[in-house]
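Protein chains in written order, with UniProt numbering: chain U, 1 to 204; chain C, 1 to 254.
Heads up, the beta-carbon is just placed ideally off N, CA and C, and yes, glycines get one too.
Structure, as structure tokens:
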Amino acid sequence: MDEFAPLDCLLPSGIQRICLVILNQPIDERYFHVLWSKAKIRACADGGANHLYRLTEGRRESFLPDYISGDFDSILPEVKAFYAEKNCKLMETPDQDLTDFTKCLAIMVEEIKAQKLQIDTIVTLGGLGGRFDQIMATVETLFHAQKITDLPVVVIQDRSLAVLLQEGRQHHLNVNTGLEGKWCSLVPVGSPCLTTTSGLKWNL
Amino acid sequence: MDEFAPLDCLLPSGIQRICLVILNQPIDERYFRVLWSKAKIRACADGGANHLYRLTEGRRESFLPDYISGDFDSILPEVKAFYAEKNCKLMETPDQDLTDFTKCLAIMVEAIKAQKLQIDTIVTLGGLGGRFDQIMATVETLFHAQKITDLPVVVIQDRSLAVLLQEGRQHHLNVNTGLEGKWCSLVPVGSPCLTTTSGLKWNLDNQILAFGQLVSTSNTYDDHDPKEGKKPVMVITDNPLLWSMGIKPQSTNH
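Right, dumping it as structure tokens:
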């Protein structure tokens, strides 16, 4: 039986091999260090680089992303210049129909293939707060992600985690990492969902 | 032609007659004063009362809600005791299948009828931040709201406003209050939406908005002559479609 533990990525002793995407939202420092140290590839989507730059002040050279992608309308000039000078790949992706996050993920998937890495999960910091349309855009990216990779894409901000469960297979979510909060939720974003669950207080 | 100005409620000189619901999120003080002073009925959903209590410290008697409803698992005992002692109606609504917000709205609709008030819009503070499931619950409430009232229910937090556009009618959104930020968005939250718009930078022409296909975020308003103001945004959809928009940063001058 395939089990997936959504919060395993935040356990220092977690077993999932991960990659990390940083979006344009304040970075939760308590998560950042665990995720950064475990991630095989680390990327920023546009303004995510601003938050990384700010958070790592004083030791920025120890926290250089593998690439920064986006339409670059959010990244500050000094931040862009800094990371360019440190030889981080800067990949401008001007496509208007896809969000910065979607494009960053697509690059991540290509990089994982190109480097022939064994990865279990792509973890994203940010995406669940701030501008309301950007929260919705995060959800849209989770839908697109299913078309470009089989890897689960987990989104974490503040005290929420979100992941899109595919149709047509039985999901077994391990919720015993010890990091689980009290609440959980199933939301049919996009269309009605015929659903059956077990293990919840109120099952379907 | 019916026009609706989503941000009219935040204009001190706005013409909409409103009621106010406060949810369990930090209250934007710059919006609070305008909305509270204009609202004919003011209510808190559960923990919203905690935020009201904190914000109005020193002059709480001047900011008493007409009622506080919810399952009362978030409201602090001292807050509940304070408002009870001031004779605010406390209405416990333990239904597990409906959110505190939905239940608070249902009570609001009844109160509007009972008092025979002429109301144009129900405005909500909070609901678009914090716990992710609660943000989704806000959207769910907007769907339920369409079944219990014809009044638009507008949700405002931080610098975002959201309102659910009904299917089957032409919406004309006035975006000329001067409070509009740069971005706007149309999101088919519950099901794909066959959509046509005008007045946006990236319009839809009888196209399907659907998650995984096309969702309109980071849209903006059509270019326009600054002397003339923005054209109304026209939207028509065959399923409920969530409109959201940015609010310009404001000072806290009163």
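Leaving out five residues on either side along the sequence, give the residues of the same chain with a beta carbon under 7 Å from the beta carbon of residue i.
i: P188 (chain U); result: none
i: K231 (chain C); result: G199, D222 and H224
i: Y53 (chain U); result: R60, V79 and F82
i: H254 (chain C); result: The predicted model places H254 (chain C) with a pLDDT of 44, which falls under 50 and marks its position as unreliable; any figure quoted below should be read in that light. Within the same chain, H254 (chain C) has close Cβ partners R33.
i: L23 (chain U); result: A45, G48, F101, T124, L125, G126 and G127
i: L55 (chain C); result: I27, E29 and F32
Below 6 Å CB to CB, which residues in the same chain sit around residue i once its five sequence neighbours on both sides are set aside?
i: V79 (chain C); result: A49, N50 and Y53
i: C19 (chain U); result: A39, K40, I41, M108, I119 and I122
i: T197 (chain U); result: N203 and L204
i: I236 (chain C); result: Q170 and T196
i: T195 (chain U); result: L204
i: T217 (chain C); result: S185
i: T149 (chain U); result: V109
If you follow the beta strand (DSSP E) that residue i is in, where does it begin and where does it stop?
i: N219 (chain C); result: S216 to N219
i: W183 (chain C); result: E180 to V187
i: L173 (chain C); result: H171 to L173
i: G246 (chain C); result: L241 to I247
i: L209 (chain C); result: Q207 to L209
i: A49 (chain C); result: No beta strand (DSSP E) contains A49 (chain C), which is instead part of the alpha helix (DSSP H) from G48 to L55.
i: S198 (chain C); result: C193 to S198
i: A43 (chain C); result: R42 to A45
i: I15 (chain U); result: I15 (chain U) -> no beta strand (DSSP E), and no H or E assigned at all.
i: L20 (chain C); result: I18 to I22
i: T237 (chain C); result: V233 to T237
Using a cut-off of 8 Å between C-beta atoms, extract the partners of residue i located in chain C.
i: R131 (chain U); result: R159, S160, W183 and G246
i: Q134 (chain U); result: T217 and S218
i: T99 (chain U); result: T217 and S218
i: E167 (chain U); result: Chain C residues near E167 (chain U): none, gap ~11 Å exceeds 8 Å.
Since residue i and residue j should fall inside the 8 Å C-beta cutoff, what is the C-beta to C-beta distance between them, to a whole number of angstroms?
i: G126 (chain C); j: D100 (chain C); result: Actually they do not touch by this definition, with Cβ atoms about 11 Å apart.
i: V34 (chain U); j: L55 (chain U); result: Actually they are not in contact, since the Cβ atoms of V34 (chain U) and L55 (chain U) sit about 14 Å apart, beyond 8 Å.
i: I122 (chain C); j: V153 (chain C); result: 5 Å
i: T129 (chain C); j: Q25 (chain C); result: The identity of residue 129 (chain C) in the sequence shown is Gly, whereas the question assumes Thr. Correct: roughly 6 Å between the Cβ atoms.
i: A43 (chain U); j: C104 (chain U); result: 6 Å
i: D46 (chain C); j: F72 (chain C); result: 6 Å
i: S244 (chain C); j: C184 (chain C); result: 7 Å
i: S13 (chain U); j: R131 (chain C); result: 27 Å between Cβ atoms; not a contact.
i: V139 (chain C); j: V189 (chain C); result: 6 Å
i: C44 (chain C); j: P77 (chain C); result: Actually they do not touch by this definition, with Cβ atoms about 15 Å apart.
i: H119 (chain C); j: C19 (chain C); result: The question names His, but residue 119 (chain C) is Ile in the sequence shown. Going by Cβ atoms, the distance from I119 (chain C) to C19 (chain C) rounds to 6 Å, so yes, they are a contact pair.
i: S191 (chain C); j: S62 (chain U); result: Between S62 (chain U) and S191 (chain C) the Cβ distance is about 47 Å, and since that is not below 8 Å, they are no contact.
i: F63 (chain C); j: W36 (chain C); result: 7 Å
At a CB-CB cut-off below 7 Å, which residues of chain U make contact with residue i?
i: T124 (chain C); result: Those do not exist, as T124 (chain C) stays about 13 Å from chain U at its closest Cβ, beyond 7 Å.
i: L128 (chain C); result: F132
i: M136 (chain C); result: S185 and V187
i: V79 (chain C); result: Going along chain U, no residue has its Cβ under 7 Å from V79 (chain C), so there is no contact; the nearest lies around 21 Å.
i: V109 (chain C); result: None at all; the shortest Cβ gap to chain U is about 24 Å.
Looking only at its own chain, which residues have a Cβ that is under 8 Å from the Cβ of residue i, when we skip the five neighbours before and after it?
i: C184 (chain U); result: V175 and L200
i: residue 240 (chain U); result: Since the displayed chain U opens at 1 and closes at 204, residue 240 (chain U) lies outside it and no answer follows.
i: C88 (chain U); result: L64, P65, D66, Y67 and I68
i: T177 (chain U); result: A5, L7, D8, L10, L11 and G14
i: L103 (chain C); result: The sequence shown places Lys at residue 103 (chain C), rather than the Leu named in the question. Answer for K103 (chain C): A45, S69, G70, T93 and D95, listed in chain order.
Residue i touches chain U at which residues, Cβ-Cβ below 9 Å?
i: D223 (chain C); result: Near D223 (chain C) there are no residues of chain U at all, since even the closest Cβ is about 16 Å away, more than 9 Å.
i: M234 (chain C); result: Near M234 (chain C) there are no residues of chain U at all, since even the closest Cβ is about 19 Å away, more than 9 Å.
i: V163 (chain C); result: Correct list: empty, because the minimum Cβ distance to chain U is about 11 Å.
i: V34 (chain C); result: Result: empty, since nearest Cβ-Cβ is about 20 Å, beyond 9 Å.
Residues of chain U with a CB under 8 Å from the CB of residue i: which are they?
i: S191 (chain C); result: G190, S191 and P192
i: R131 (chain C); result: R159, S160 and W183
i: V154 (chain C); result: None at all; the shortest Cβ gap to chain U is about 12 Å.
Would you kindly report the start and end of the unbroken alpha helix (DSSP H) that includes residue i?
i: L35 (chain C); result: E29 to K38
Below 7 Å on C-beta distance, what does residue i contact in chain C?
i: residue 206 (chain U); result: Because chain U in this structure spans residues 1 to 204, residue 206 (chain U) falls outside the shown range and cannot be described.
i: L200 (chain U); result: Here the premise fails: no neighbours, minimum Cβ distance about 13 Å.
i: E85 (chain U); result: Neighbours of E85 (chain U) on chain C: none; closest Cβ ~29 Å, over 7 Å.
i: L128 (chain U); result: F132
Beta-carbon of residue i versus every beta-carbon of chain A: anything under 7 Å?
i: A137 (chain U); result: The structure shown contains no chain A; its protein chains are U and C.
Mind listing the chain C neighbours of residue i? Cutoff is C-beta to C-beta under 9 Å, in chain order.
i: E111 (chain U); result: The contacting residues do not exist; E111 (chain U) stays about 23 Å from chain C at best.
So within the segment 90-166 of chain C, which uninterrupted beta strand (DSSP E) runs reach at least 3 residues, ignoring any that extend past its ends?
Runs of the beta strand (DSSP E) inside the segment 90-166 of chain C: 121-125, 153-157 and 160-165.
Jot down the residue ranges of each uninterrupted alpha helix (DSSP H) in the segment 36-92 of chain U, minimum 4 residues, whole runs only, in chain order.
Counting whole runs of 4 or more residues, the segment 36-92 of chain U contains the alpha helix (DSSP H) stretches 48-55 and 77-85.
I'd like the ranges of any alpha helix (DSSP H) spanning at least 4 consecutive residues and lying wholly in the segment 104-191 of chain U.
If only uninterrupted alpha helix (DSSP H) runs of at least 4 residues are considered, those enclosed by the segment 104-191 of chain U are 132-148.
Ignoring anything shorter than 4 residues, give me the alpha helix (DSSP H) runs that lie fully in the segment 57-86 of chain C, in order along the chain.
You should have 77-85.
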